[in-house]
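Trainee: Got a structure for you, written out below as structure tokens; questions coming shortly.
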Amino acid sequence: MEVIKTGLAAFGMSGQVFHAPFISSNPQFELSKIVERSKNLSKEKYPKAEIVRSFDELIADAQLELIIINTPDSTHYEYAKAALLAGKHVVIEKPITSNADQAKELVDIAKSKNLMISAYQNRRWDADFLAVKEILAKNLLGRVVEFESTFSRYRNFIKPGTWKETGELGGGLTYNIGSHLIDQAVRLFGLPEAVYADLGTVRTGGMVDDYFVIRFLRPALAPELKVSLKASYLMRTPEPRFVLHGTLGSFVKYGIDRQEEDLIAGKSPLEQNWGKEDEEFYGWLHTEADGREINTRYEGPAGNYGAFYENIYRHLRLNEALETDASEVLDVIRIIEAAYQSHKEERIIHLR
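Per my numbering, residue 1 is the first one in the sequence shown, and the count goes up by one each step.
Structure below.
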């Protein structure tokens, strides 16, 4: 079948690490054009991709079928709308937009023009999250009563010159990492009835939120489950990535999926054992089966961000279901908005 000619809206960290390697290594795609406003960084690794100097020039190319919106958050709405109106399918970096009404408008435009709009929720293919999904699918813990998801980072300085640190064009840890943790929890347990959140700026000189704890109250698929989501930039000693407790046992998982680190180091997604965890980061399963206690390391599936683009291809060419339909991620934005409101007003915010 015909390859999907793709344009990349920026070649910063996101373009270099999360998008270009997977588009270029998948023979079903062609990385045709890349926006670089003044530099030519992409030429070394992707010499066949034409460099253009503006987003307008990118979407004016009639041959491009798919546009990746990986620019600062505040530009997502404008750029995605322009791409859709130009007749392009669109992938937008999470969290789509920082405003649920704008995100809904983009979804409606895409639907009216029979175009795809996908949210880049690549951490649905993290090894740690896939292990949790497998544990739950196998019912190894019985009825789960507590779920904790923590993203530990240590960066005790403010990185200069980046919009994610100034808040001028979006940013903040809740919209950044929070959109992933919330999306994962909603995928597992459904939309909560309400949320309660504590957000903060914990680093000296910080200008955006770099700490959060968000609690889901009565998630739709498990109303009695206690759900807590946490992230911080001041966690030099990491907490477990996941902790699950159930009526039969517990699952505790340390370590963050290695794909981002490997991509930054220049490794290719085509390398053998891509996304496979080192044994030291296997989760610990302590449960029982047939009256026998089990206390062992648990090897989960390998991580695979490439599955995101494989699904995009199969959706556009084979009409298979889109696993990252932006319409299904609107609730993530609503939960983030509710988290900010909860923090500001110091109260529980009901969603439905």
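The beta carbon of each residue, even a glycine, is placed where N, CA and C say it ideally should be. This one's a predicted model, so the numbers in the text were calculated from it and none came from an experiment.
Could you tell me if Y154 is buried or exposed, where buried requires 16 or more neighbouring beta carbons within 10 angstroms of its beta carbon?
Mentor: Y154 should be labelled exposed.
Trainee: So for V91, helix, strand or coil by DSSP?
Mentor: strand
Trainee: Enumerate in chain order the residues of its own chain whose CB-to-CB distance from H350 is below 6 angstroms, with the five nearest sequence positions on each side excluded.
Mentor: Beyond the five residues adjoining it in sequence on each side, H350 comes within less than 6 angstroms, by CB distance, of A194 in the same chain, given in chain order.
Trainee: What's the C-alpha gap between H343 and Y196?
Mentor: 7 angstroms
Trainee: Between E279 and the ligand MG, is the CB less than 7 angstroms from at least one heavy atom?
Mentor: Within the structure as shown, the ligand MG is missing, as the structure has no ligands at all.
Trainee: Please work out which residues of its chain come closer than 7 angstroms, Cβ to Cβ, to E337, disregarding the five sequence neighbours upstream and downstream, and give them in chain order.
Mentor: Closer than 7 angstroms at Cβ, skipping near neighbours: A100.
Trainee: DSSP puts E146 in a beta bridge; with which residues?
Mentor: When DSSP reads this structure, E146 sits in a beta bridge with K226 and H245.
Trainee: What distance in whole Å lies between the Cβ atoms of K5 and E65, which are believed to be in contact at a cut-off of 8 angstroms?
Mentor: At roughly 5 angstroms, the Cβ-Cβ gap stays under 8 angstroms, so E65 and K5 are in contact.
Trainee: May I have the straight-line CA-CA distance separating Q102 from L84, to the nearest angstrom?
Mentor: 14 angstroms
Trainee: Put L351 into one of helix, strand or coil per three-state DSSP.
Mentor: coil
Trainee: In three-state DSSP terms, what is Y355?
Mentor: Limits of the chain in this structure are 1 at one end and 352 at the other, which puts residue 355 out of reach.
Trainee: Could you have a look at D262 and say whether DSSP puts it in helix, strand or coil?
Mentor: Helix.
Trainee: What residues are listed by DSSP as bridge partners for G7?
Mentor: K33 and I67
Trainee: With DSSP run on the structure shown, which of helix, strand or coil describes N295?
Mentor: strand
Trainee: From P269 to P27, what distance separates their C-alpha atoms?
Mentor: P269 and P27: Cα-Cα distance of roughly 13 angstroms.
Trainee: Run the CB neighbour count on D128, radius 10 Å, all protein chains shown included, and call it buried at 16 or more, exposed below.
Mentor: buried
Trainee: Less than 8 angstroms between the C-beta atoms of S179 and V3, yes or no?
Mentor: no
Trainee: What are the boundary residues of the alpha helix (DSSP H) that P21 is part of?
Mentor: A20 to S24
Trainee: With burial defined as no fewer than 16 other Cβ atoms inside 10 Å of the residue's Cβ, what is the status of T97: buried or exposed?
Mentor: buried
Trainee: Of all the beta strand (DSSP E) runs that stay within the bounds of the region 82 to 135, which reach a length of 3 or more residues?
Mentor: 89 to 93 and 117 to 120
Trainee: Do the region 124 to 143 and the region 159 to 173 make contact, defined as three or more Cβ pairs closer than 8 angstroms?
Mentor: no
Trainee: Do the region 145 to 160 and the region 239 to 250 make contact, defined as three or more Cβ pairs closer than 8 angstroms?
Mentor: yes
Trainee: Just verifying my parser: in three-state terms, what is the DSSP assignment at L322?
Mentor: coil
Trainee: Helix, strand or coil: how does DSSP classify E165 here?
Mentor: helix
Trainee: Use the C-beta contact count for N122: other C-beta atoms within 10 angstroms, 16 or more gives buried, fewer gives exposed.
Mentor: buried
Trainee: Grab the span of the beta strand (DSSP E) containing Y211 for me, first residue to last.
Mentor: Y211 to P219
Trainee: Per DSSP, which residues does S250 bridge with? Please list them.
Mentor: Answer is H245 and H286.
Trainee: What does a CB cutoff of less than 7 angstroms around G190 pick up in its chain, not counting 5 residues either side in sequence?
Mentor: Correct list, in chain order: P219, A220 and L221.
Trainee: Using C-beta distances below 6 angstroms, list every residue in its chain close to S315, excluding the 5 sequence neighbours before and after it, in chain order.
Mentor: Before going on, a small fix: residue 315 reads as His here, not Ser. Result list for H315: L322, in chain order.
Trainee: For A197, which three-state DSSP category applies?
Mentor: strand
Trainee: Taking its Cβ as the centre, do 16 or more other Cβ atoms sit within 10 Å of D73, making it buried, or is it exposed?
Mentor: buried
Trainee: So L8 and L31 are supposed to be a Cβ contact under 8 angstroms. How far apart are they, rounded?
Mentor: 7 angstroms
Trainee: Can you give me the start and stop residues for the alpha helix (DSSP H) that E345 sits inside?
Mentor: L330 to E345
Trainee: With the cut-off set at 8 angstroms, would you say T287 and L106 are in Cβ contact?
Mentor: no
Trainee: Hey, how far is the Cα of D198 from the Cα of A62?
Mentor: D198 and A62: Cα-Cα distance of roughly 47 angstroms.
Trainee: Any idea what DSSP makes of L141, helix, strand or coil?
Mentor: Under the three-state reduction of DSSP, L141 is assigned to coil, being neither helix nor strand.
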